[in-house]
Amino acid sequence: MPILDGKVVIITGASSGIGRSTARLLAENGSQLALVGRSAERLERVRAELGEDVLVVPVDVSETDAGEKIVAATLERFGRIDTVIANAGVFLEGDVATTDVEEIRRTIDINVFAPLGLVRAALPHMIERGSGDVIITSSISGHHAIHSEPVYSASKHAARAFTHALRQQIKGSGVRVAEVAPGMVLTELWGFEEGDPRAKERLDASRGILPEDVAESVVFMLTRPKHVTIRDLVILPSAQDI
């Protein structure tokens with residue numbers, strides 16, 4: 045896809061799951077990547093399979109200055125930022141009354157503060173250039189509150205609201221803003237390591253999708269003509285009951 049060739053893309057949560065699959069697909073299409081995650085070792089494994097145009101940025105995205113660190117490292121290496129994919133996230137379910145308050149705070153920090161902080165740091169550079177894409181990984185839980193995961197649902201509703209409000213705020217700047225909202229994805233978040241044989245049963249029953257499916261959706265969003273924004277892309281297993 046020539047439109048992605050040479051594009052500089054920041055991806056958080058890039059060491060596994062949706063982030064890793066998206067990095068692979070973008071690398072195949074010539075993008076230059078800044079891969080962000082907590083584990084330098086895991087990020088290095090991803091870089092080893094993707095080639096030279098990859099920067100590893102090991103950082104905890106919930107840190108207050110994480111966004112500035114990621115943007116500074118990317119600009120130092122590549123000189124510009126074309127796309128930000130704020131994908132890092134954690135899942136939390138259970139009754140609010142018995143959920144540890146630190147787990148609640150951690151979920152909000154990673155699912156809400158981290159994408160806001162990263163976008164805030166990257167946006168001035170993108171607006172100055174008059175082009176770019178911001179994609180936030182939300183969830184079907186950001187469209188449909190799920191009673192078993194109220195904190196997670198709240199965090200993803202917040203991420204979706206931020207996406208919509210930011211898009212309106214910077215309309216006409218040349219920077220597109222969108223969210224991808226997956227349902228059940230067979231990743232580590234749900235206890236499925238890459239290559240887990242149990243995934244086939246879920247796929248055959250249409251009760252799960254692969255991170256590659258989401259990655260292809262993200263690339264579809266990025267390759268639309270500049271006059272088109274895919275504001276929300278919800279992608280679900282065919283048999284998911286939502």
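Adding 44 to a residue's 1-based position in the sequence shown gives its number in the numbering used here. All C-beta atoms, glycine included, are put in the ideal place defined by N, C-alpha and C.
Ranked by Cα distance from Leu277, the first of Phe236, Glu107 and Pro226 is Pro226. By the CB criterion at 9 angstroms, Val221 and Ser175 fall outside the cutoff. Around the beta carbon of Pro241, fewer than 16 other beta carbons sit within 10 angstroms, so the residue counts as exposed.
Where Glu85 is concerned, the enclosing alpha helix (DSSP H) starts and stops at Ala84 to Leu94. Listed in chain order, the non-local C-beta contacts of Val128 below 7 angstroms within the same chain comprise Ile54, Leu162, Val163, Ala166 and Val178, local neighbours out to five positions each way being set aside. Positions of the alpha helix (DSSP H) runs, each at least 4 residues long and wholly inside the stretch 119–158, are given as 145–152 in order along the chain.
Taking C-beta atoms under 8 angstroms as the contact rule, Ile274 and Ile214 fail to qualify, at a distance of about 16 angstroms. For Gly74, the closest of Thr56, Gly95, Asn131 and Gly57 by C-alpha to C-alpha distance is Gly95. DSSP, reduced to helix, strand and coil, places Leu77 within a strand of the structure shown. Under a 10 Å Cβ-count criterion, Arg149 is classified as exposed, with fewer than 16 other Cβ atoms of the shown protein chains found around its own Cβ. Scanning Ile279, Val101, Ser217 and Arg251 for the CA closest to the CA of Lys270 turns up Ser217. DSSP, read as helix, strand or coil, puts Thr56 in strand. The beta carbon of Leu48 sits closer than 8 angstroms to those of Leu70, Asn73, Gly74, Ser75, Val263, Leu266 and Thr267, all from its chain and outside the five residues before and after it, given in chain order. Judged by DSSP secondary structure, Ile179 falls within the beta strand (DSSP E) whose first and last residues are Gly176 to Thr181. Closest by C-alpha distance to Thr231, out of Ile286, Ala249, Asp248 and Leu254, is Leu254.
In this structure, Ile286 lies near Ile190, with their beta-carbon atoms less than 9 angstroms apart. Under the Cβ criterion (8 angstroms, minimum of three pairs), the stretch 81–88 does not count as touching the stretch 139–148.
CA-to-CA, the gap between Ser60 and Gln212 works out to about 31 angstroms. In this structure, the straight-line span from the alpha carbon of Val98 to that of Arg91 is close to 6 angstroms. Linking Arg204 to Arg173 through their CA atoms gives a straight-line distance of about 25 angstroms. Per DSSP, reduced to three states, the secondary structure at Ile286 is coil, with no helix or strand assignment.
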